[in-house]
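A.B. asks: Numbering (the working numbering), first residue to last: 608 to 996. Here's a structure for you.
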Amino acid sequence: MAPTAIYASRILTPHEEILDSVIVVEGGKITQIGHRDEVRIPEDAEHFPAGDKIVVPGFVDVHIHGAGGHDVMEGTAEAIARVASTVARRGTTSFVATTVTAPPEETSHSLRGIARYIRSPRNTESRFAAEVLGIHLEGPFISPARRGVHPLDAITPPSQELFEEFLSAAEGFIRIITLAPEVDGALDLIERAVAQGVVASMGHTDATYEQARAAIARGVTHAAHMFNAMRPFSHRDTGVIGAVLTSPEVTAELIADGRHVDAPAMEILLRAKGLEGVLLVSDGTAATGMRNGNYRLGNFEVSVADGVVRNSEGKLAGSTLTLDRALQHIVALGVPLIDAVRMVTLLPARRIGLGGKKGVIAVGADADIVILNPDLRLAGVMTRGAGLA
Ligand SMILES: [Zn+2]
């Protein structure tokens, strides 16, 4: 593939803002950034003038179940590739494939399939699709009381043995585990996960403040879709929400679709955590990028009407959100653009230990690039050097 030179009047790296510069992409990587007179542009480079548009890194989604009519639990290369190409069109250039609570054999089967895909050249070669960076195990060690739409009969108490089985089925690609820390056995499992380099996340939890703080002391550093499927906050029972809001070492996911969390709650989260403590996630399902209708989330049916996903009891069941819209929503709350961009790029990439490679425009990073119109609508996407025609 020929090198590409992207001429941009405004780049948010997003460590900083750079004006009037050129990004040179070769072999799927960013090889140079600088002012036009400092950069040696390869003779065979294709030129891409971005005009007055804004150039930012590709979005990184650490909580997404599916898109384009497919769920990652299907575990086939076709299903995962469809998810990867669908979200890439909306600016997500890499993601952590997220499972939903299911019987153990089914989960292991899905994990094997996802791991096979992650290892395959198809996942990392230069082509137009998001890259799967690993697996987010959501359940089955969650609270029946805060299960959301996770099926009750597949929820199990934390088990080291089962976790080991999942780790080996996933070939070490589990990057995040979301569990309920108040359930017996969870604290030991948190320590085990952290020792394996897995980010321990609290979610689908009825934990009290004290229980959540105990989990943080044992290694929890993240919280899944803040406010959703959590014990509610009250002034004398602040619960897991109180613990997350007052613990700087914990990052919080936010589904900023305007449906899952009301604007004042989003503002409280942003003020309490600071702009470096919140990661925007989609919690997207198979219905993302699809018309109204019925779809599968893991092994149960959901229906979609006007972009809202619900199960048969009418509970919210993930979203059809894409991170380009999450970014627009957060900016509409008054968050400066560069900070909002960090919440969908640098911060999620760092959270899973990929800070220099993903979510950043820097020499040596993967050429995952999004171009935004001044009104923040998507104008172009490049994944590992491919796309951006
Ligand atoms: Zn969830």
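Glycine is no exception: its CB is placed at the ideal position from the N, C-alpha and C atoms.
How is lysine 636 classed by DSSP in three states: helix, strand or coil?
C.D. replies: Counting from one through the sequence shown, the residue named residue 636 turns up at place 29. Strand, per DSSP.
A.B. asks: Taking valine 669 and histidine 743 to be in contact with their CB atoms under 8 Å, please state how far apart those CB atoms are, rounded to whole angstroms.
C.D. replies: By one-based count along the sequence shown, residue 669 stands at place 62. By one-based count along the sequence shown, residue 743 stands at place 136. 6 Å between Cβ atoms; contact.
A.B. asks: Is alanine 1027 near ligand 1 - that is, is its Cβ less than 7 Å away from at least one heavy atom of it?
C.D. replies: This structure leaves residue 1027 out entirely; the chain is present only between 608 and 996.
A.B. asks: Determine whether the beta carbon atoms of threonine 892 and alanine 924 lie at a separation below 8 Å.
C.D. replies: Position 285 of the sequence shown holds residue 892. Position 317 of the sequence shown holds residue 924. Yes. Within cutoff.
A.B. asks: Could you tell me whether any non-hydrogen atom of ligand 3 is closer than 7 Å to the CB of histidine 829?
C.D. replies: The model on display carries ligand 1 but not ligand 3.
A.B. asks: Is proline 871 buried or exposed, if buried means 16 or more other CB atoms sit within 10 Å of its CB?
C.D. replies: One-based indexing of the sequence shown puts residue 871 at position 264. Looking at its Cβ environment, which holds fewer than 16 other Cβ atoms inside 10 Å, proline 871 is exposed.
A.B. asks: For aspartate 651, which of Lys660, Glu633, Pro664 has the nearest alpha-carbon?
C.D. replies: Sequence index remark: in the sequence shown, residue 651 carries index 44 (1-based). Closest by alpha carbon: Glu633.
A.B. asks: Contact defined as beta carbons within less than 8 Å: I believe serine 628 pairs with aspartate 659. What is the distance between those atoms, to the nearest angstrom?
C.D. replies: Position 21 of the sequence shown, counting from 1, holds the residue named residue 628. Position 52 of the sequence shown, counting from 1, holds the residue named residue 659. Not confirmed; about 14 Å, so no contact.
A.B. asks: Cutting at 7 Å between CB atoms, please list the residues of its own chain near alanine 947, excluding the five before and the five after it.
C.D. replies: As a first step, residue 947 must be located in the sequence shown, where it is residue number 340. Around alanine 947: Leu934, Ile937, Val938.
A.B. asks: Would you mind stating whether proline 788 and alanine 819 have Cβ atoms separated by less than 8 Å?
C.D. replies: The sequence position of residue 788 within the sequence shown is 181, counting from 1. The sequence position of residue 819 within the sequence shown is 212, counting from 1. The answer is yes: Cβ separation under 8 Å.
A.B. asks: Beta carbon of glycine 755: closer than 7 Å to some heavy atom of ligand 1?
C.D. replies: The residue you call residue 755 lines up with position 148 of the sequence shown. It does: the Cβ of glycine 755 is within 7 Å (strictly closer) of some heavy atom of ligand 1.
A.B. asks: What does DSSP give as the partner residues of arginine 617 in its beta bridges?
C.D. replies: The count along the sequence shown starts at 1 and reaches residue 617 at position 10. Answer is Leu626, Ile661, bridged to arginine 617.
A.B. asks: Closer than 7 Å to a non-hydrogen atom of ligand 1 - does that hold for the CB of glycine 658?
C.D. replies: Mapped onto the sequence shown, residue 658 falls at position 51. Incorrect: glycine 658 has no Cβ contact closer than 7 Å to ligand 1.
A.B. asks: Answer with buried or exposed for glycine 963, where buried requires no fewer than 16 other C-beta atoms within 10 angstroms of its C-beta.
C.D. replies: Sequence index remark: in the sequence shown, residue 963 carries index 356 (1-based). With fewer than 16 other Cβ atoms within 10 Å, it is exposed.
A.B. asks: With a Cβ-Cβ cutoff of 8 Å, do glycine 792 and serine 775 count as a contact?
C.D. replies: If you number the sequence shown from 1, residue 792 lands on position 185. If you number the sequence shown from 1, residue 775 lands on position 168. No, Cβ-Cβ distance for glycine 792 and serine 775 is not below 8 Å.
A.B. asks: Which same chain residues end up closer than 6 Å to threonine 700 when comparing Cβ atoms and leaving out the 5 residues on each side of it in sequence?
C.D. replies: In the sequence shown, residue 700 corresponds to position 93, counting from 1. Once the five neighbours on either side are set aside, the close Cβ partners of threonine 700 are Gly665, Ala737, Asp975, Thr990.
A.B. asks: Got a sec? Which residues, its chain only, sit under 6 Å from asparagine 906 by beta carbon, not counting five neighbours each side?
C.D. replies: Residue 906 sits at position 299 when you count from the first residue of the sequence shown. Closer than 6 Å at the Cβ level, and outside the excluded window around asparagine 906, lie Ala709.
A.B. asks: CB-CB under 7 Å to arginine 903, same chain, minus the five flanking residues each way: which ones, in chain order?
C.D. replies: Indexing the sequence shown from 1 puts residue 903 at position 296. Excluding sequence neighbours, arginine 903 sits near Asp678, Ala893.
A.B. asks: Spatial neighbours of leucine 882 within its chain, please: CB distance less than 6 Å, with the 5 preceding and 5 following residues excluded, ordered by chain position.
C.D. replies: The sequence position of residue 882 within the sequence shown is 275, counting from 1. If we look at leucine 882 and ignore the five residues flanking it on each side, its Cβ neighbours are Asp946.
A.B. asks: Whole angstroms is fine: what's the gap from leucine 979's alpha carbon to proline 764's?
C.D. replies: As a first step, residue 979 is located in the sequence shown; it is residue number 372 there, counting from the start. As a first step, residue 764 is located in the sequence shown; it is residue number 157 there, counting from the start. The straight-line gap from Cα to Cα measures roughly 45 Å.
A.B. asks: Can you say whether alanine 831 is buried or exposed, counting buried as having 16 or more other CB atoms within 10 angstroms of its CB?
C.D. replies: Here residue 831 refers to the residue found at position 224 when the sequence shown is read from its first residue. Buried, by the Cβ-count rule.
A.B. asks: Along the chain, where does the alpha helix (DSSP H) containing isoleucine 721 start, and where does it finish?
C.D. replies: Translated into positions along the sequence shown, residue 721 becomes position 114. Segment 711-726, the alpha helix (DSSP H) holding isoleucine 721.
A.B. asks: In the DSSP output, which residue or residues are listed as bridge partners for glutamate 860?
C.D. replies: What you label residue 860 is simply residue 253 of the sequence shown in a count that begins at 1. Its beta-bridge partners are Leu886.
A.B. asks: Report yes if the C-beta distance between glycine 884 and alanine 859 is below 8 Å; otherwise report no.
C.D. replies: The residue you call residue 884 lines up with position 277 of the sequence shown. The residue you call residue 859 lines up with position 252 of the sequence shown. In contact: glycine 884 and alanine 859 (Cβ atoms closer than 8 Å).
A.B. asks: Compare the beta carbon distance of leucine 876 and proline 621 with 8 Å and say whether it is the shorter of the two.
C.D. replies: Translated into the one-based positions of the sequence shown, residue 876 becomes position 269. Translated into the one-based positions of the sequence shown, residue 621 becomes position 14. No, the pair does not count as a contact, with Cβ atoms beyond the cut-off.
A.B. asks: For alanine 997, which of helix, strand or coil comes out of DSSP?
C.D. replies: The structure shown does not extend to residue 997, since the chain spans only 608 to 996, so no value can be given for it.
A.B. asks: Cβ atoms of valine 951 and valine 667: under 8 Å apart, would you say?
C.D. replies: Here residue 667 is taken as the residue at index 60 of the sequence shown, counted from 1. Here residue 951 is taken as the residue at index 344 of the sequence shown, counted from 1. Going by C-beta atoms, valine 667 is nearer than 8 Å to valine 951.
A.B. asks: Is the Cβ-Cβ distance between isoleucine 637 and isoleucine 959 less than 8 Å?
C.D. replies: Stepping through the sequence shown from its first residue, residue 637 is reached at position 30. Stepping through the sequence shown from its first residue, residue 959 is reached at position 352. Cβ distance not < 8 Å, so isoleucine 637 and isoleucine 959 don't count as in contact.
A.B. asks: Nearest by alpha-carbon distance to glycine 987: which of Arg696, Arg782, Tyr724 is it?
C.D. replies: Along the sequence shown, read from residue 1 onward, the residue named residue 987 stands at position 380. Selected option, being the one with the closest Cα: Arg696.
A.B. asks: Of the choices Arg723, Ala802, Val827, whose alpha-carbon is the least far from that of alanine 686?
C.D. replies: Residue numbering aside, residue 686 sits at position 79 when the sequence shown is read from its first letter. The shortest C-alpha separation from alanine 686 is found at Arg723.
A.B. asks: Less than 8 Å separating the beta-carbons of alanine 704 and valine 739?
C.D. replies: Numbered from its first residue, the sequence shown carries residue 704 at position 97. Numbered from its first residue, the sequence shown carries residue 739 at position 132. Yes.
A.B. asks: Give me whichever residues DSSP pairs with tyrosine 902 in a beta bridge.
C.D. replies: In the sequence shown, the residue the question calls residue 902 occupies position 295. Val909, per the DSSP bridge assignment.
A.B. asks: Confirm the yes/no value for this check: CB of histidine 811, any heavy atom of ligand 1, distance under 7 Å.
C.D. replies: In the sequence shown, counting from the first residue as 1, residue 811 sits at position 204. Histidine 811: yes, Cβ under 7 Å from ligand 1.
A.B. asks: Thinking glutamate 745 and threonine 706 are a contact (beta carbons under 8 Å), I'd like their distance in whole angstroms, please.
C.D. replies: Locating residue 745 in the sequence shown gives position 138, where the first residue counts as 1. Locating residue 706 in the sequence shown gives position 99, where the first residue counts as 1. Right, the Cβ-Cβ distance comes to about 6 Å (below 8 Å), so this counts as a contact.
A.B. asks: According to DSSP, simplified to helix, strand and coil, what is proline 871?
C.D. replies: As a first step, residue 871 must be located in the sequence shown, where it is residue number 264. If DSSP states are grouped into helix, strand and coil, proline 871 belongs with the helices.
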